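Shown next, in structure tokens, is the structure this report addresses.
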């Protein structure tokens, strides 16, 4: 596996997959998620919500809509009302990389 770091908008990258930090509902309402939905299309969110809710630390892949990426990986590291724990973030990262 090759990992390359670049400083650019995630929605403009011609890559295999981009990863979105998500909550367990997989709704794409703000921040990077909103930018992904705005450029890639609402179908990305619709597809993600079909799999929701997910467990903390779980990651799921959806199509990438109109983005140059092939997939969007939604990594559920947070849940409303639950502190963002390192353990859950680590699981979300690990599961994203496995996808």
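Residue numbers (the numbering used here): 49 to 147.
By construction, the Cβ of each residue, glycine as well, lies at the ideal position given by its N, Cα and C atoms.
Every value quoted in this text rests on a predicted model; they were computed, and no experiment measured them.
Own chain partners of residue 85 with C-beta closer than 7 Å, once the 5 adjacent residues on each side are dropped: 76, 92, 93
task: Counting only the same chain and skipping the five closest in sequence on each side, list residues whose C-beta sits under 6 Å from that of residue 122.
output: 68, 70, 74, 96, 108
Where residue 144 falls, given that 16 or more other Cβ within 10 Å makes a residue buried: buried
query: Run through DSSP, which three-state label would residue 80 get?
result: helix
task: Please name the residue, chosen from 102, 61, 59, that lies closest to residue 128 on a Cα-to-Cα basis.
output: 102
message: My output table needs one value for residue 123: the three-state DSSP class, helix, strand or coil.
response: strand
message: What does the alpha-carbon distance come out to for the pair residue 126 and residue 119?
response: 21 Å
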